[in-house]
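In my numbering, the protein residues as written are 601 to 1429.
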């Protein structure tokens, strides 16, 4: 009976090592598939709630386009909206009004803050932001009088508010009218625009582009929602890369383990080849050993698929790619085995015979040179180990970067107010030019009694108050040379928001004068001053002011019919036409003049020349803004704006209604930002959890790999120490070699990893580079937390040292046995 050749498949230690490697990589792959599926379902649900679950839409569609949709068998649901016209409230356009069918309500996922959709001809449901713009509170059943503009006719209507709809129209993709005012069908008014929203059967989702190109040219596809699973989408890409990394990691680790095994058992393989074992026998036996090592990981994987509800098709596809990639290890196996010589006489006995001259040569070498010789002898294994460590550290750096940035963005979102309240402006002065009559307003002071109604409410978590004064124009030496008067700039921006005629029809520069009672106000000034120094004493006495003078550019937007400018480097309209006012210096005297008031003269204590984001600081970033203290207003801090922060619980909506009613009663402008803040916070929190879990997974793999590397090095150290003992090299030299190796290898891994990581960051920076944002700005303290990077690097170093210490300590115990054995052998001889 012919016996089958078995060598690898009978070795339990090798199969156990393969099982550990394959099991850990399969767990990483299952984790990747689970997170991708979980993220896909979660993001899809979130985006459908935010952008609607419709697949495509035709705005203002004609009968031909609508009939094509009805005749198309791939279409599963069709919903309609009917716009009756536009709404005017107090002679101000507010949005579109109309009615919808039940299918649209289902596809739109519109939810109500309170109340219900209209069921009677006298009822109306209005979007929340429209109520804020109209200056109405959130009280249901109130009567609202509007003007409905239908074609060229104006129809006066009165409705009873039956429902308040959470904002949706500002986020949807549209090429037509989106309704903000919902009523039921009115037989007396014909629709002026009919829009269709539809969904496609899941089996035909990929045909949406064909429908757009062949049937309906003006089709709008809801690209904000990912309806089909895409492993290369922005949300799935990190875990797709993790999937690929797991495959590469498995191949490299199997290759490293197999080469280490071949080196340790080269004599056995050589003997088998000399006895007639063929390459095909080795190959078949190796494949069988891999198959045995895969048994337990595959069983556990199948159990995890059912436990964590991973789609079967996605798992089968991922497993197929994984198994096909494992076939690449056979190439390395073939090359490694073929290099083992057949001549068994190339090996000596266990007791190595060392010549005297050879022994003297090695005893004269330094520990560094001995370490270099050892590294060159194990070059392939050492390079594989370094490559695996570098790849894992790059992945860990990237995950940590996204974790830190999402954590930073989450903190910035927390700084945004839930409710913003502004007092109505009052008339300041009127001037008449050749073109028109211009009226200018200013913000009065909110009385202390009204202010306390908002800020002394125990239900709010915090508040912020400030005052923006637009009554003063500024003068200083050389102001005539300011770019605000530049002909090239004024052609692009004919009348900037800070440049206007004063009450004597003389063109002046009117900056915003900003003051605040918040403690963060002084912290902001002290940390953002670029030129000059922060002097709190002079500032509080009113002798010193600070001014915001960043670089800026502008353009004239015809659609808005007003000039626009930007000081944000990321949105510079014309990078070739950038201005930065250099006429005002630190220490210069600036004069502020208001109508019917004495001029106020102050010294410029400092200049803020770098752009800052209002959403991050909570302070407006108007160009030429001047920061003053209470001494500027004779010790009194006026208030024009109130920002309120609400608790993130079920009481939030009740507080929104309360402050809305209060603001309407006081005649203030009310801006409800809570809904947008909650949505933005939810998205960033999900991303934060995603990358945090990814980072923890990478760190676990990194730890497992280091333990595996050092444990496999145990046999090499044992053999190496045996040779060194025969050469007469002391144990201290051997220990110094290991220390030198760690001191060189660890910095090399960290430098290569961080250098590669910086290159990846630069490549991602190139498509979005900006004039004022150099590459170094991506590593600023605002978006990076360097102490965390340092801690992670120190943890990696300590982990390697700890594992090495445990292995070397165990090896040290074995060295004493080697001493005793050799000493006993020599004594007996």
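Every residue gets a Cβ at the ideal spot worked out from N, C-alpha and C, and that includes glycine.
Pair within 8 Å by beta-carbon distance, residue i and residue j
i: residue 1031; j: residue 1241; result: no
i: residue 677; j: residue 642; result: no
i: residue 1239; j: residue 1119; result: no
i: residue 1195; j: residue 1103; result: yes
i: residue 858; j: residue 933; result: yes
i: residue 724; j: residue 782; result: yes
i: residue 571; j: residue 1235; result: Because residue 571 is not part of the residues shown, which for the chain are 601 to 1429, the question remains open.
i: residue 1231; j: residue 1132; result: no
i: residue 721; j: residue 786; result: yes
i: residue 1271; j: residue 732; result: yes
i: residue 856; j: residue 985; result: yes
i: residue 669; j: residue 796; result: yes
i: residue 608; j: residue 889; result: yes
i: residue 853; j: residue 988; result: yes
i: residue 1298; j: residue 1403; result: no
i: residue 940; j: residue 866; result: yes
i: residue 851; j: residue 928; result: yes
i: residue 748; j: residue 685; result: yes
i: residue 1305; j: residue 992; result: yes
i: residue 780; j: residue 708; result: no
Cα-Cα separation, residue i to residue j
i: residue 1112; j: residue 1199; result: 16 Å
i: residue 1430; j: residue 766; result: No answer is possible for residue 1430: the residues shown for the chain start at 601 and end at 1429.
i: residue 1266; j: residue 1085; result: 40 Å
i: residue 820; j: residue 657; result: 5 Å
i: residue 778; j: residue 761; result: 19 Å
i: residue 1011; j: residue 1330; result: 58 Å
i: residue 1209; j: residue 1179; result: 12 Å
i: residue 712; j: residue 633; result: 35 Å
i: residue 1437; j: residue 1018; result: One cannot answer for residue 1437 here, as it falls past the ends of the chain, which runs 601 to 1429.
i: residue 1361; j: residue 1024; result: 47 Å
i: residue 683; j: residue 792; result: 6 Å
i: residue 614; j: residue 1353; result: 31 Å
i: residue 1094; j: residue 1359; result: Note that residue 1094 has pLDDT 45, beneath the 50 cutoff, so the model's placement of it is unreliable and the number below is only indicative. When rounded, the distance between both Cα atoms is 43 Å.
i: residue 974; j: residue 1357; result: 30 Å
i: residue 690; j: residue 746; result: 8 Å
i: residue 905; j: residue 630; result: 8 Å
i: residue 994; j: residue 1291; result: 14 Å
i: residue 1138; j: residue 999; result: 46 Å
Reduced DSSP category for residue i - H, G, I as helix; E, B as strand; rest coil
i: residue 936; result: helix
i: residue 714; result: strand
i: residue 609; result: helix
i: residue 826; result: coil
i: residue 628; result: helix
i: residue 763; result: strand
i: residue 1069; result: strand
i: residue 641; result: helix
i: residue 693; result: strand
i: residue 681; result: strand
i: residue 1304; result: helix
i: residue 1108; result: strand
i: residue 957; result: The predicted position of residue 957 is uncertain, since its pLDDT is 42 and thus under 50; a value taken from the coordinates is nonetheless stated next. The answer is helix: DSSP assigns residue 957 an H, G or I state.
i: residue 617; result: helix
i: residue 752; result: coil
i: residue 1038; result: strand
i: residue 1272; result: strand
Boundaries (first-last residue) of the beta strand (DSSP E) holding residue i
i: residue 1205; result: 1200-1208
i: residue 1241; result: 1241-1245
i: residue 1430; result: Beyond the ends of the chain as shown, which are 601 and 1429, falls residue 1430; an answer cannot be given.
i: residue 1192; result: 1189-1193
i: residue 1026; result: 1026-1032
Where the alpha helix (DSSP H) containing residue i begins and where it ends
i: residue 1122; result: 1119-1128
i: residue 1009; result: 979-1015
i: residue 918; result: 912-926
i: residue 892; result: 879-907
i: residue 704; result: 702-708
i: residue 731; result: 728-734
Cβ-heavy atom distance, residue i to the ligand SAM, below 7 Å
i: residue 1278; result: The model on display carries no ligand, and the ligand SAM is accordingly not part of it.
Examine the Cβ distances between the segment 620-638 and the segment 891-902 and report whether three or more of them are shorter than 8 Å. Output reads yes: the segment 891-902 touches the segment 620-638.
Validate contact between the segment 839-856 and the segment 711-723 using beta carbons, cut 8 Å, 3 pairs: In this structure the segment 839-856 does not touch the segment 711-723; the number of beta carbon pairs closer than 8 Å is below three.
Counting pairs of Cβ atoms below 8 Å between the segment 1131-1149 and the segment 1227-1234, do you hit three or more? Verdict: yes, contact present.
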